[in-house]
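Trainee:
Chains as they are written, first to last, in the UniProt record's numbering: chain A, 1 to 360; chain B, 1 to 260.
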């Protein structure tokens with residue numbers, strides 16, 4: 001989170017300064033520039049957003065399209081800020097996908113107040129102490145960084161004029177025999193954004209959906225995909241762009257999947273939760289509102305050797321009013337018969353940082 | 001040599017031994033550093049890099065960077081108190097940027113790519129050897145090298161073997177990073193097994209079994225195979241300790257002994 005990041009080095013810059021010339025960028029720690037992921041909560045968790053020059057990998061759940069939520073918001077955020085975008089997917093008509101992107105919420109003011117109001121009602125009394133901080137954070141976040149990061153209304157499609165411009169490029173890699181065509185397009189795209197000293201005029205975004213999907217002809221050639229990602233990573237490192245790649249780890253051999261995970265600067269995984277999991281429903285508060293879980297395996301650490309240790313690594317994905325994507329810490333439900341006195345065991349959202357499929 | 005604050009990692013690698021005949025204690029040895037997705041061991045490379053520069057004025061480093069650009073290492077090492085740009089200008093630091101290096105694809109002889117890499121390495125080493133420098137070759141990291149070689153583990157092992165011969169021929173130190181978890185599921189274990197066999201010092205970084213923590217970033221296991229030729233016995237010293245990575249160095253401590 002923002003506070004922990006700032007504490008790592010006494011020389012790091014103030015994390016929350018939005019640069020004057022470009023509202024879509026802000027200074028991160030260790031001389032990096034950050035762009036928003038399109039999800040305010042994810043930005044907050046990662047300490048501001050995705051640093052320019054980083055490779056973000058999202059591990060898909062093969063049974064649910066939750067990775068699309070991250071990808072859509074990431075793309076929309078770039079389009080709203082008029083940043084160049086390259087979108088590649090195995091769909092036959094990738095341009096059509098742009099019509100499904102969410103639009104930024106129009107009236108921000110009443111939305112955030114609604115949000116906090118709703119929360120007040122729902123919080124069980126013993127969890128109140130945990131929520132004070134995050135509530136404050138949320139408010140400052142919404143107030144100060146409107147330009148940097150928008151809330152997106154998932155039910156309202158993005159206005160056409162955002163993506164009809166010339167700064168949007170779409171590639172379909174379904175029928176291509178290998179990835180060299182895509183690699184050339186990425187190289188061409190990134191060459192325009194190459195990093196030179198001084199001011200950064202614009203930041204680009206590359207979104208690649210389901211890279212290793214089985215309908216592609218090269219999907220058996222894992223080394224080809226690995227070398228594509230490796231060259232993409234090295235091209236990105238010297239440019240002002242962020243690349244988000246989603247891939248289904250279960251369709252790859254374990255070693256290939258692990259190699260991809262090692263290559264990622266920021267590694268996320270999404271997982272759907274089954275509708276009727278009685279045990280989980282008993283365990284977690286707000287289970288019925290959750291649509292999935294997101295795991296943060298790795299946060300980018302460019303220009304530093306210190307790992308980013310997050311307060312928690314698993315968050316629930318929820319839809320606020322069926323429109324807004326929010327991420328929340330998991331809250332353990334009060335256990336029957338021991339209510340009130342179980343502070344030590346029901347650590348709630350603040351003390352959890354275990355590695356596991358689920359952590360509390 | 002001036003008194004330094006040696007930490008447990010230095011002791012386990014034998015860096016604290018003060019021997020005038022051998023200004024850089026890792027000379028002639030192969031250090032293999034292994035890590036996993038949860039715990040990166042890149043800091044061990046940074047630490048060795050820093051120590052090699054401060055060990056003796058005649059030491060030099062050849063760095064094969066497959067995973068990060070120069071600016072990354074420059075910033076990291078600057079915070080550790082070591083100026084790579086200045087060392088590069090002094091001729092003590094040779095940085096080979098391998099980010100875009102890719103062996104030619106199928107159909108063409110694959111060895112051309114890695115052979116050219118080795119030629120570059122050898123050229124630098126012979127040049128440095130004339131100046132009587134104690135040289136370290138650092139590779140970051142082997143898994144990227146494999147991808148660059150299109151997955152040909154034989155070629156990778158050949159390159160490492162040739163680099164290893166340099167350690168006996170010129171007395172270089174070879175330090176390489178690899179990701180252990182990639183090989184754990186059984187297929188293609190030849191690379192890691194052969195490297196582990198060849199390594200004189202094995203450094204393994206693992207996360208704590210209890211998960212991530214703010215005060216302890218993980219644990220290191222160092223196996224130091226000290227060769228004692230007079231009796232024909234190979235003694236293996238092993239060290240286990242926890243570490244915490246900071247911008248300006250690392251803290252190493254035995255489990256439970258950290259003083260806040």
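We put the beta carbon where it would ideally sit given N, CA and C, even for glycine.
The structure presented is a predicted model; accordingly, all values stated were derived computationally and were not measured.
Identify the contact partners of residue 181/B in chain E, using a Cβ-Cβ distance below 8 Å as the criterion.
Mentor: Checking the listed chains, one finds no chain E in this structure; the protein chains it contains are A and B.
Trainee: Can you tell me the Cα-Cα spacing of residue 41/A and residue 327/A, whole angstroms?
Mentor: Working through the first chain from its first residue, we reach residue 41/A at position 41. Working through the first chain from its first residue, we reach residue 327/A at position 327. Rounded to whole angstroms, residue 41/A to residue 327/A spans 6 Å at the Cα level.
Trainee: Determine the direct distance from the alpha carbon of residue 222/A to that of residue 15/B, and round the result to whole angstroms.
Mentor: Here residue 15/B corresponds to residue number 15 of the second chain, with the count starting at 1. Here residue 222/A corresponds to residue number 222 of the first chain, with the count starting at 1. Looking at the two C-alpha atoms, the distance is approximately 40 Å.
Trainee: Is it buried or exposed, residue 245/B, if we count other Cβ atoms within 10 angstroms and call 16 or more buried?
Mentor: The sequence position of residue 245/B within the second chain is 245, counting from 1. Buried.
Trainee: Please report the straight-line C-alpha distance between residue 252/B and residue 9/B, rounded to a whole angstrom.
Mentor: Within the second chain, residue 252/B is the residue found at index 252, counting from 1. Within the second chain, residue 9/B is the residue found at index 9, counting from 1. Using only the alpha carbons, I get a separation of about 7 Å.
Trainee: Looking only at C-alpha atoms, which of 55/B, 18/B, 24/B, 136/B sits nearest to residue 64/B?
Mentor: As a first step, residue 64/B is located in the second chain; it is residue number 64 there, counting from the start. With distances taken between Cα atoms, residue 64/B lies closest to 136/B.
Trainee: Applying a beta-carbon distance threshold of less than 7 Å, which residues of chain B neighbour residue 304/A?
Mentor: Residue mapping note: residue 304/A aligns to position 304 of the first chain, counting from 1. The answer, in chain order, is 76, 247.
Trainee: Just the chain A side, please: which residues come within less than 9 Å of residue 102/B by C-beta, in chain order?
Mentor: The residue labelled residue 102/B in the question sits at position 102 within the second chain. 227, 230, 231, listed in chain order.
Trainee: Hey, out of 39/B, 200/B, 150/B, whose CA is closest to residue 227/A's CA?
Mentor: Looking up residue 227/A in the first chain gives position 227. It is 150/B.
Trainee: Under a Cβ-count criterion, where at least 16 other Cβ atoms within 10 Å of its own Cβ denotes burial, should residue 201/B be classed as buried or exposed?
Mentor: Numbered from 1 along the second chain, position 201 holds the residue referred to as residue 201/B. Per the 10 Å Cβ criterion, buried.
Trainee: Between which two residues does the beta strand (DSSP E) containing residue 208/A stretch?
Mentor: Here residue 208/A refers to the residue found at position 208 when the first chain is read from its first residue. 204-208 is the span of the beta strand (DSSP E), which, as asked, contains residue 208/A.
Trainee: In angstroms, rounded to a whole number, what distance separates the CA positions of residue 83/B and residue 229/A?
Mentor: Within the second chain, numbered from 1, the residue matching residue 83/B stands at position 83. Within the first chain, numbered from 1, the residue matching residue 229/A stands at position 229. So the two alpha carbons sit approximately 31 Å from each other.
Trainee: Three Cβ pairs or more, each shorter than 8 Å: is that satisfied between the region 263-277 of chain A and the region 294-301 of chain A?
Mentor: Touching, yes, given that three or more Cβ pairs across the two stretches are closer than 8 Å.
Trainee: Counting only Cβ pairs nearer than 7 Å, list the residues of chain B close to residue 30/A.
Mentor: Translated into the one-based positions of the first chain, residue 30/A becomes position 30. The answer, in chain order, is 75.
Trainee: Which value, in whole angstroms, describes the spacing of the CA atoms of residue 140/A and residue 114/B?
Mentor: Taking the first residue of the first chain as 1, we reach residue 140/A at position 140. Taking the first residue of the second chain as 1, we reach residue 114/B at position 114. Caution applies to residue 140/A, whose pLDDT of 42 falls short of 50 and renders its modelled position unreliable; the value that the coordinates give is listed next. Going from the Cα of residue 140/A to the Cα of residue 114/B covers about 53 Å.
Trainee: Chain B partners of residue 309/A, CB-CB under 9 Å?
Mentor: Residue 309/A sits at position 309 when you count from the first residue of the first chain. 212, 213, 214, 217, listed in chain order.
Trainee: Check the Cβ-Cβ distances between residue 242/B and every residue of chain A, and say whether any is below 8 Å.
Mentor: Looking up residue 242/B in the second chain gives position 242. It does not; no Cβ of chain A falls within 8 Å.
Trainee: Measuring CB atoms only, is the region 273-282 of chain A touching the region 79-91 of chain A, in the sense that at least three cross pairs come out at less than 8 Å?
Mentor: Judged by Cβ distances under 8 Å, the region 273-282 of chain A makes no contact with the region 79-91 of chain A, as fewer than three pairs qualify.
Trainee: For residue 279/A and residue 332/A, I'd like the C-alpha separation in whole angstroms.
Mentor: Within the first chain, numbered from 1, the residue matching residue 279/A stands at position 279. Within the first chain, numbered from 1, the residue matching residue 332/A stands at position 332. Taking the straight line from one Cα to the other gives about 12 Å.
Trainee: In terms of DSSP beta bridges, what is residue 226/B paired with?
Mentor: To locate residue 226/B, count along the second chain from 1; it is residue 226. Answer is 235/B, bridged to residue 226/B.
Trainee: Which residues, in chain order, does the region 231-246 of chain A contribute to contact with chain B at a C-beta distance below 9 Å?
Mentor: Result list: 231, 233, 234, 235, 237, 238.
Trainee: Just the Cα atoms here: how many angstroms apart are residue 233/A and residue 211/A?
Mentor: Residue mapping note: residue 233/A aligns to position 233 of the first chain, counting from 1. Residue mapping note: residue 211/A aligns to position 211 of the first chain, counting from 1. In a straight line, the C-alpha of residue 233/A is about 14 Å away from that of residue 211/A.
Trainee: Which word fits residue 133/B, buried or exposed, when buried means at least 16 other C-beta atoms lie within 10 angstroms of its C-beta?
Mentor: If you number the second chain from 1, residue 133/B lands on position 133. By the neighbour-count rule (16 or more Cβ atoms within 10 Å), residue 133/B is buried.
Trainee: Determine the chain B residues that contact residue 261/A at a beta-carbon separation under 7 Å, and present them in chain order.
Mentor: Start at 1 with the first residue of the first chain, and residue 261/A comes out as number 261. Correct list: 37.
Trainee: Give me the residue from 144/B, 226/B, 6/B with the minimum Cα distance to residue 236/B.
Mentor: Counting from 1 along the second chain, the entry for residue 236/B is found at position 236. Ranking the options by Cα distance to residue 236/B, first place goes to 226/B.
Trainee: Compare the C-beta of residue 161/A with all C-beta atoms of chain B and state if any pair is closer than 8 Å.
Mentor: To locate residue 161/A, count along the first chain from 1; it is residue 161. It does not: the Cβ of residue 161/A has no partner Cβ on chain B nearer than 8 Å.
Trainee: Can you tell me whether DSSP reads residue 215/A as helix, strand or coil?
Mentor: Position 215 of the first chain holds residue 215/A. Reduced to three states, the DSSP call for residue 215/A is coil.
Trainee: Taking C-beta pairs closer than 8 Å, name the residues in chain B that residue 54/A reaches, listed in chain order.
Mentor: Walking along the first chain from the start, residue 54/A turns up at place 54. Residues of chain B passing the Cβ test: none, with the nearest at roughly 11 Å.
Trainee: Starting from residue 151/B, find everything on chain A with Cβ-Cβ shorter than 7 Å and list it in chain order.
Mentor: Position 151 of the second chain, counted from the start, is the residue given in the question as residue 151/B. The contacting residues are 223.
Trainee: Is any beta-carbon of chain A found at less than 8 Å from that of residue 185/B?
Mentor: If you number the second chain from 1, residue 185/B lands on position 185. Yes, residue 185/B counts as interfacial toward chain A.
Trainee: Once you ignore the five residues that flank residue 59/B on each side, which residues in its own chain have a CB closer than 6 Å to its CB?
Mentor: For this step, residue 59/B is matched to residue 59 along the second chain. The residues are 24, 52, 134.
Trainee: Taking the alpha carbon of residue 77/A as the point to measure from, which residue in 284/A, 193/A, 215/A, 101/A has its own alpha carbon closest?
Mentor: On the first chain, residue 77/A is found 77 positions in, with the first residue counted as 1. Minimum Cα distance to residue 77/A is reached at 101/A.
Trainee: Am I right that residue 94/A and residue 170/A are in contact with their C-beta atoms under 8 Å? What's the rounded C-beta distance?
Mentor: Numbered from its first residue, the first chain carries residue 94/A at position 94. Numbered from its first residue, the first chain carries residue 170/A at position 170. Correct: roughly 4 Å between the Cβ atoms.
Trainee: By how many angstroms is the C-alpha of residue 61/B removed from the C-alpha of residue 49/B?
Mentor: Looking up residue 49/B in the second chain gives position 49. Looking up residue 61/B in the second chain gives position 61. Answer to the nearest angstrom: the Cα atoms are 8 Å apart.
Trainee: Where does the unbroken beta strand (DSSP E) through residue 170/A begin, and where does it stop?
Mentor: Position 170 of the first chain, counting from 1, holds the residue named residue 170/A. Unbroken beta strand (DSSP E) run through residue 170/A: 168-172.
Trainee: Does the structure place the region 177-191 of chain B close enough to the region 207-226 of chain B that three or more beta carbon pairs sit under 8 Å?
Mentor: No, because fewer than three Cβ pairs between the region 207-226 of chain B and the region 177-191 of chain B fall closer than 8 Å, the two stretches do not touch.
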